[in-house]
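Asker: Quick note on this note's numbering: the sequence shown kicks off at 4 and runs consecutively. Note that the Cβ used here is the ideal one computed from N, Cα and C, for glycine as well.
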Amino acid sequence: MRRLTGVAGKQMAAYKRFLFLRPESTVGSAKFPLGYVPLDGSEPIDVVYSLVKEGHFVTSDQNIETIHNVYRGVSSLCRSEYPVLTSDDIKVCHLMLKKMESRILIKRDFWVLDDFNDAELNSSFGVQNLYFDNYKWSQVLWKRFQAFVEEYFPLSEHSHLRYSEYMELIKSFSVFEQGTHALPVLPKSVVLHPPYGVKIPSAFSLEPLLLYKNWLSNYRAVLSLNRALVCNAGSSVAAFATKLAGVSMVKAVDARPRAVKACRSDAKLNRKCENVSFQVATFFPGKALEKQGHSKRYDLVFFFPDEEIVNELHATEGVEYAPGTTGVSGSLEQFFENVSDYLADSGVAVVCCTNISSLLKPEEPHPIEYEIKVNRRFVLLDYFDSPLASKGPFKGSFSDPKIENTTSLRAKLRSELWVLHKIDSLNHFAAFHGIPGAKPPPNALKWKSKNTTKRRQQVLKNHVELMGGDWENYKARLIHSLREQSDVQEDDVAEAIRMTIDPSYPLELAKKSKNAVESRLREQELFHKDVSRSFTEKSPREFFDDHFRRLY
């Protein structure tokens, strides 16, 4: 098999690729002159597994069902042979799966296979039955699917496809035709159509973005975040979530032209997101903005690096840990190297991720912690995390096999949100760090106003729910703990907090005020009665005048 890449770079490799079988270059070319082992469905799966493990390519010239059964059988046997018990086992199993699945092929002219489509019987075999109605597929969609595949893998340049690619093509074609949603990060009205090569939003990838969305909704006004840049836009979930959180100007960049084109189309379909701009760029939109002045820089630069981190697990060059100099090389290090040129003095860099990198590479420090503690180019402004509730397998990158989400791994997985600012901006954020004598930014003063009382409560509620707690139960326990401290006199701040959290507390204060007024009235009545008893013959005024005359 020969693969020639006409365009350099990992991002562009998926768009232009030549894939042909050269029989003389394959394993056992004398025994299998076609360059692959032809299967008819009668071979035992353990025999096929041995052939694949030895390096042979396998496929069927008759039907898709045989290829699909081999794919499932080889994947199952590989996971059985390489069980996942530790983090190292995950990397070994993932690497072996990637190698073996790459040797299971399907003909590029797959429509000649017997069970691809039968227009007369309205029947077909394949994963398309999971996404489409069989009648609609057999009459119309199978032709559209051929044109869809031709755009990415031209027939003149490919003799075969990997079967895993074929399944991803069908899944991407389904999203291209029907669209997909990103609940609960984006409302149901927002429909996305990511192209082939862009990860489709999943429960695993959306949980960190939900943490980012909640943080941005609560702190956007406080930090005055009005201009945002989203790196590696992908399916545009992060860009749209940033816009819907209230950021007035949002710009997103991605190195894949088809991804940018799809994002622009999706933005036009959603009225609230139509002002989001997209640009084709490798990582950032051009060079540093020094000539344009600070007014053109961004208050918020967002990056979601999980796909690139996992994708670099098995790379052999350029990913070594470099202590004391540049941290963990790769896309995350590239982000830290260049983001300062795009951040305003009052801007923040937000990295939204999971801790999968630390779990799969426990021998290395956390890459973001290393940047903060060792390189010291950025200062941590805020940090949030929450346990991941997703139980299914997840993907590190688009073309790789899924990583099994074991029970032990699931218990340790967490979503992380790192909010950083440049060390040069320490003067602006000094009040947030509690530095004595520092004054908060003007917009931060709104946090003390009456209008932000509800905002404080919403922040507390969101944090409790993200940690998996029950807000009503938490609020009841907080009120109970406040009531237990009744021997301590409450100040105005404590009373304001209790009035915000406990709806019944104003009534309790009214009762206390009523009792105090009635007590004062009773004291006045007793005083007047005592005066009338003590001064029966003379009034208090006459008694005072007589006493004054005696003295003077």
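Give the single residue among Leu144, Phe530 and His59 whose Cα lies nearest to the Cα of leucine 108.
Answerer: Reading the sequence shown from its first residue, position 105 is the one you call residue 108. Closest option to leucine 108, Cα to Cα, is His59.
Asker: So, at 8 Å on beta carbons, what are the nonlocal neighbours of serine 535 in its own chain, with the 5 sequence-adjacent residues on each side left out?
Answerer: Looking up residue 535 in the sequence shown gives position 532. Excluding positions up to five away in sequence, the list is empty.
Asker: Under a three-way DSSP split, which group does proline 211 fall into?
Answerer: As a working mapping, residue 211 is identified with position 208 in the sequence shown. Note: proline 211 maps to helix in three-state DSSP.
Asker: Using the three-state DSSP reduction, which class does proline 365 fall into: helix, strand or coil?
Answerer: Here residue 365 corresponds to residue number 362 of the sequence shown, with the count starting at 1. The answer is coil: DSSP assigns proline 365 none of H, G, I, E or B.
Asker: Within this structure, are the beta carbons of arginine 261 and proline 198 separated by less than 7 Å?
Answerer: The residue you call residue 261 lines up with position 258 of the sequence shown. The residue you call residue 198 lines up with position 195 of the sequence shown. Yes, the Cβ-Cβ distance between arginine 261 and proline 198 is below 7 Å.
Asker: So, for methionine 4: in the same chain, excluding its five sequence neighbours on each side, which residues have a beta-carbon less than 6 Å away from its beta-carbon?
Answerer: Numbered from 1 along the sequence shown, position 1 holds the residue referred to as residue 4. Interpretation of methionine 4 is limited by its pLDDT of 35, a score under 50 that renders its predicted location unreliable; no figure is taken from the coordinates.
Asker: What span of residues does the alpha helix (DSSP H) with glycine 76 cover, start to end?
Answerer: If you number the sequence shown from 1, residue 76 lands on position 73. First-last of the alpha helix (DSSP H) with glycine 76: 67-84.
Asker: Excluding sequence positions up to five away, which residues of its chain have a Cβ less than 6 Å from the Cβ of valine 217?
Answerer: As a first step, residue 217 must be located in the sequence shown, where it is residue number 214. Before going further, note that residue 217 is asparagine rather than valine in the sequence given. Cβ within range, chain order: Asn465.
Asker: Taking just the CA atoms, how far does histidine 163 sit from valine 263?
Answerer: Stepping through the sequence shown from its first residue, residue 263 is reached at position 260. Stepping through the sequence shown from its first residue, residue 163 is reached at position 160. Their backbone Cα atoms lie some 28 Å apart in a straight line.
Asker: Below 8 Å, can you find three or more Cβ-Cβ pairs linking the region 166-181 to the region 342-356?
Answerer: Because the criterion of three Cβ pairs below 8 Å is not met, the region 166-181 and the region 342-356 do not touch.
Asker: Whose C-beta lies closer than 6 Å to the C-beta of glutamate 293 among residues of the same chain, with five residues either side of it excluded?
Answerer: Within the sequence shown, numbered from 1, the residue matching residue 293 stands at position 290. Here the model assigns glutamate 293 a pLDDT of 43, short of 50, so the residue's position is not dependable, and the following value carries that caveat. Answer for glutamate 293: no residue qualifies.
Asker: Would you mind listing the alpha helix (DSSP H) stretches within the region 396-424 that are 4+ residues and don't spill past its ends, in chain order?
Answerer: Runs of the alpha helix (DSSP H) inside the region 396-424: 410-415.
Asker: Helix, strand or coil, according to DSSP, for serine 537 in the structure here?
Answerer: As a first step, residue 537 is located in the sequence shown; it is residue number 534 there, counting from the start. Helix at serine 537.
Asker: How many angstroms separate the CA atom of asparagine 132 from the CA atom of valine 87?
Answerer: Indexing the sequence shown from 1 puts residue 132 at position 129. Indexing the sequence shown from 1 puts residue 87 at position 84. Approximately 31 Å between the Cα atoms of the pair.
Asker: Quick check: the Cα distance between glutamate 3 and aspartate 64, rounded to an integer number of angstroms?
Answerer: Any question about residue 3 goes unanswered here, given that the chain covers just 4 to 555.
Asker: Hey, how far is the Cα of leucine 100 from the Cα of arginine 82?
Answerer: In the sequence shown, counting from the first residue as 1, residue 100 sits at position 97. In the sequence shown, counting from the first residue as 1, residue 82 sits at position 79. Rounded to the nearest angstrom, the two C-alpha atoms are 8 Å apart.
Asker: Output the distance between the C-alpha atoms of serine 53 and asparagine 72, rounded to the nearest integer angstrom.
Answerer: Taking the sequence shown and counting its residues from 1, the one referred to as residue 53 is at position 50. Taking the sequence shown and counting its residues from 1, the one referred to as residue 72 is at position 69. Distance between the alpha carbons of serine 53 and asparagine 72 is about 15 Å.
Asker: Look at the alpha carbon of valine 256 and the alpha carbon of isoleucine 406, and state the distance between them as a whole number of angstroms.
Answerer: Residue mapping note: residue 256 aligns to position 253 of the sequence shown, counting from 1. Residue mapping note: residue 406 aligns to position 403 of the sequence shown, counting from 1. Cα to Cα, the separation comes out at about 28 Å.
Asker: Is the beta carbon of lysine 425 closer than 7 Å to that of leucine 346?
Answerer: Working through the sequence shown from its first residue, we reach residue 346 at position 343. Working through the sequence shown from its first residue, we reach residue 425 at position 422. In this structure, lysine 425 lies closer than 7 Å to leucine 346 by Cβ.
Asker: Do you know offhand how far glycine 289's Cα is from serine 220's?
Answerer: Within the sequence shown, the letter at position 286 stands for residue 289. Within the sequence shown, the letter at position 217 stands for residue 220. Computed Cα separation, rounded: 29 Å.
Asker: Might you give, ordered along the chain, the residues of its own chain that have their beta carbon closer than 6 Å to the beta carbon of aspartate 302, omitting 5 neighbours on each side?
Answerer: Working through the sequence shown from its first residue, we reach residue 302 at position 299. Within the same chain, aspartate 302 has close Cβ partners Leu228, Asn229, Arg230, Ala347 and Gly350.
Asker: If you count every other CB in all the chains shown that lies within 10 Å of the CB of tyrosine 138, and 16 or more means buried, which is it?
Answerer: Residue numbering aside, residue 138 sits at position 135 when the sequence shown is read from its first letter. Exposed: under 16 other Cβ atoms inside 10 Å.
Asker: Could you compute how far the alpha carbon of leucine 116 sits from the alpha carbon of serine 127?
Answerer: Counting from 1 along the sequence shown, the entry for residue 116 is found at position 113. Counting from 1 along the sequence shown, the entry for residue 127 is found at position 124. Straight-line Cα distance between these residues: approximately 10 Å.
Asker: With H, G and I counted as helix, E and B as strand and the rest as coil, what does DSSP make of lysine 102?
Answerer: Position 99 of the sequence shown, counted from the first residue, corresponds to residue 102. Lysine 102 falls in the helix class under three-state DSSP.
Asker: Pick out whichever of Arg223, Gly237 and Leu272 has its Cα sitting closest to the Cα of valine 250.
Answerer: The residue given as residue 250 occupies position 247 in the sequence shown. Closest by alpha carbon: Arg223.
Asker: Measuring only the C-alpha atoms, how far is lysine 515 from glutamate 475?
Answerer: The count along the sequence shown starts at 1 and reaches residue 515 at position 512. The count along the sequence shown starts at 1 and reaches residue 475 at position 472. Near 26 Å, if we compare the C-alpha coordinates of glutamate 475 and lysine 515.
Asker: According to DSSP, arginine 230 sits in a beta bridge with which residue or residues?
Answerer: Residue 230 sits at position 227 when you count from the first residue of the sequence shown. The partner list for arginine 230 (beta bridge, DSSP) reads Met252.
Asker: May I ask you to verify whether the region 437-446 touches the region 401-421, counting CB pairs closer than 8 Å and requiring at least 3?
Answerer: The region 437-446, when compared against the region 401-421, does not touch it at the 8 Å Cβ threshold.
Asker: Just mark proline 157 as buried or exposed, buried being the case when its beta carbon has 16 or more other beta carbons within 10 Å.
Answerer: Position 154 of the sequence shown, counted from the start, is the residue given in the question as residue 157. Exposed: under 16 other Cβ atoms inside 10 Å.
Asker: Looking at the structure shown, is phenylalanine 113 part of a helix, part of a strand, or coil, going by DSSP?
Answerer: The sequence position of residue 113 within the sequence shown is 110, counting from 1. Three-state result, phenylalanine 113: helix.
Asker: Relative to the C-alpha of phenylalanine 306, which candidate in Leu335, Ile173 and Leu98 has its C-alpha closest?
Answerer: The residue labelled residue 306 in the question sits at position 303 within the sequence shown. Nearest C-alpha to phenylalanine 306: Leu335.
Asker: According to DSSP, is valine 188 part of a helix, a strand, or is it coil?
Answerer: The residue you call residue 188 lines up with position 185 of the sequence shown. It is coil, neither helix nor strand.
Asker: Hey, could you find the ends of the beta strand (DSSP E) valine 351 is sitting in?
Answerer: On the sequence shown, position 348 is the one that residue 351 refers to. 346-357 is the extent of the beta strand (DSSP E) around valine 351.
Asker: For tyrosine 169, count neighbouring Cβ atoms within 10 angstroms of its own Cβ and tell me buried if that reaches 16, exposed if not.
Answerer: The residue you call residue 169 lines up with position 166 of the sequence shown. Burial call: buried.
Asker: From which residue to which residue does the beta strand (DSSP E) around arginine 165 run?
Answerer: The residue given as residue 165 occupies position 162 in the sequence shown. Per DSSP, arginine 165 belongs to the beta strand (DSSP E) from 163-165.
Asker: Suppose the cutoff is 8 Å on Cβ atoms and the five residues either side in sequence are ignored; what does the same chain contact list for proline 365 look like?
Answerer: Locating residue 365 in the sequence shown gives position 362, where the first residue counts as 1. The residues are Ser90.
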